[in-house]
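Residue numbers (the working numbering): 96 to 233. Idealized CB from N, CA, C, for every residue including glycine. None of the values given here were measured: they were computed from a predicted structure.
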């Protein structure tokens, strides 16, 4: 684990998470970050498609996980949060070219925080919803 970093602006979050190689290589960008909230965007390309040319479900799981990492770690200096549990429902196939994941904290506890993530495409269709539990490591 790295030393605690307090992120106070979206730019701070962008700089901190620039070292998240998996998210970066996947093409995800942080659009908004605030305490217990984040918005992540992803412009889709062929590398996000599965064998039948549909969006790979793992892309949606990765977006939900990354959105929660940004939201839960923003503004904290009391430990680092990591995912401990996630459930995702794939609701619609994606017809758009850009995905947006918005993570919102529904309960922030001493060690566990619970997040709801909604992933939509640029046609305003809800593609997936996820419930993610974040664990504070200190």
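Give me the DSSP bridge partner(s) of residue 279. Lying outside 96 to 233, the shown extent of the chain, residue 279 is not represented and no answer is given.
Euclidean distance between Cα positions of residue 193 and residue 138
Cα to Cα, the separation comes out at about 4 Å.
For this session: Enumerate, from N- to C-terminal direction, the unbroken beta strand (DSSP E) stretches of 3 or more residues contained entirely within the stretch 113-171.
Result: Note on the stretch 113-171: whole beta strand (DSSP E) runs with a minimum of 3 residues are 123-129 and 132-138, in chain order.
- Query: residue 159: which of 219, 101, 215 and 169 sits nearest, CA to CA?
  - Reply: Selected option, being the one with the closest Cα: 215.
Collapsed DSSP secondary structure at residue 104 in the structure displayed: Correct three-state label for residue 104: coil.
Check your understanding: residue 178 lies in the beta strand (DSSP E); which residues open and close that run?
Key -> Unbroken beta strand (DSSP E) run through residue 178: 175-185.
Please return the same chain residues whose Cβ sits closer than 7 Å to the Cβ of residue 189, not counting the five positions on each side in sequence.
Taken in chain order, the residues that qualify are 150, 216 and 222.
* What residue does the beta strand (DSSP E) around residue 231 start on, and which one ends it? -> Run containing residue 231: 221-232, per the beta strand (DSSP E) assignment.
Notebook entry, point to check: Name the DSSP beta bridge partners of residue 218, please?
Noted result: Checking the DSSP bridge columns, you'll see residue 218 has no partner listed.
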